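Please read the structure below before turning to the comments.
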Amino acid sequence: MDLKEIQSLIKFVAKSGASEVKLETDDVKITIKTGSEDKKGETTTYVQQIPVNQALPTQPVAPQAPAATENAPAQGQPSEEDSKYITIKSPIIGTYYRRPAPDKPNFVEVGDTIAKGDVLCIIEAMKLFNEIEAEVSGKIVKVLADDSSPVEFDQPLFLVDPS
Numbered sequence: 000m001d002l003k004e005i006q007s008l009i010k011f012v013a014k015s016g017a018s019e020v021k022l023e024t025d026d027v028k029i030t031i032k033t034g035s036e037d038k039k040g041e042t043t044t045y046v047q048q049i050p051v052n053q054a055l056p057t058q059p060v061a062p063q064a065p066a067a068t069e070n071a072p073a074q075g076q077p078s079e080e081d082s083k084y085i086t087i088k089s090p091i092i093g094t095y096y097r098r099p100a101p102d103k104p105n106f107v108e109v110g111d112t113i114a115k116g117d118v119l120c121i122i123e124a125m126k127l128f129n130e131i132e133a134e135v136s137g138k139i140v141k142v143l144a145d146d147s148s149p150v151e152f153d154q155p156l157f158l159v160d161p162s
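Residue numbers (numbering that gives the first Met the number 0): 0 to 162.
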């Protein structure tokens, strides 16, 4: 193959839109890559940005969330007769604790009068203990979650009579 044949082959490949052509003869081996390969490189780079979607490991956690939500009715969802009460709900997902330590008394019991800002319980999330404070003043009517049990976001924890 002479130089003119190689040049015409390069022009032909460029016009054809092919990104890569390999040609082998007895004495010559030619590989021609066009600029469209660079575009593929960009696409590959874009596809490699899928680690942004590594939120996919969080999606397997989502099927576990409904399972815990199914347990919520067993723990006591507020009924229609409780509609006159204010429901204090969990602001986060975690483990619900009624007392500050195993050897300490519960933060609140049924019948206790609470003021806005009083600590009602602790929810542990990722080794952080979050104190859950009362949003309203009133009287604890019902505790809806079991001690040391997992709770979901927006799961009812307490019923409070604001009167």
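Even glycine gets a Cβ: it sits at the ideal position worked out from N, Cα and C.
From a predicted model like this one, the values you see are computed outputs, not experimental measurements.
Boundaries of the alpha helix (DSSP H) in which residue i is found, first to last residue
i         : result
residue 8 : 2-15
Environment of residue i [buried if 16+ CB atoms lie within 10 Å]
i           : result
residue 11  : exposed
residue 159 : buried
residue 114 : exposed
Alpha-carbon to alpha-carbon, residue j and residue i
i           : j           : result
residue 42  : residue 19  : Residue confidence for residue 42 is low, a pLDDT of 31 falling below 50, so the modelled location carries little weight and cannot support an answer.
residue 107 : residue 143 : 12 Å
residue 125 : residue 16  : 54 Å
residue 22  : residue 6   : 13 Å
residue 85  : residue 161 : 7 Å
residue 118 : residue 129 : 10 Å
residue 83  : residue 133 : 17 Å
residue 26  : residue 1   : 12 Å
residue 8   : residue 32  : 12 Å
residue 138 : residue 157 : 10 Å
residue 87  : residue 154 : 9 Å
residue 140 : residue 131 : 17 Å
residue 168 : residue 30  : Absent from the structure is residue 168, since the part of the chain shown begins at 0 and ends at 162.
residue 102 : residue 112 : 23 Å
Close beta carbons around residue i, own chain, < 7 Å, minus the five adjacent residues each side
i           : result
residue 14  : none
residue 96  : 120, 121, 123, 146, 147
residue 135 : 85, 115, 159, 161
residue 98  : 104, 105, 106
Continuous beta strand (DSSP E) stretch holding residue i: start and end
i           : result
residue 105 : Neither: residue 105 is in no beta strand (DSSP E) and is coded neither H nor E.
residue 160 : 155-160
residue 19  : 19-23
residue 140 : 137-142
residue 149 : 148-150
residue 96  : 93-96
residue 123 : 118-124
residue 28  : 28-32
beta-carbon residue i near the ligand SAH non-hydrogen atom, thresh 7 Å
i          : result
residue 88 : With respect to the ligand SAH, the structure shown offers nothing to examine, as it has no ligands at all.
Closer than 8 Å to chain C by CB, residue i
i          : result
residue 33 : The displayed structure is made up of one protein chain only, and chain C is not part of it.
Close Cβ partners of residue i (< 8 Å) along its chain, the five nearest in sequence each way excluded
i           : result
residue 166 : The structure shown does not extend to residue 166, since the chain is modelled only from 0 through 162, so no value can be given for it.
residue 100 : none
Own chain partners of residue i with C-beta closer than 6 Å, once the 5 adjacent residues on each side are dropped
i          : result
residue 28 : none
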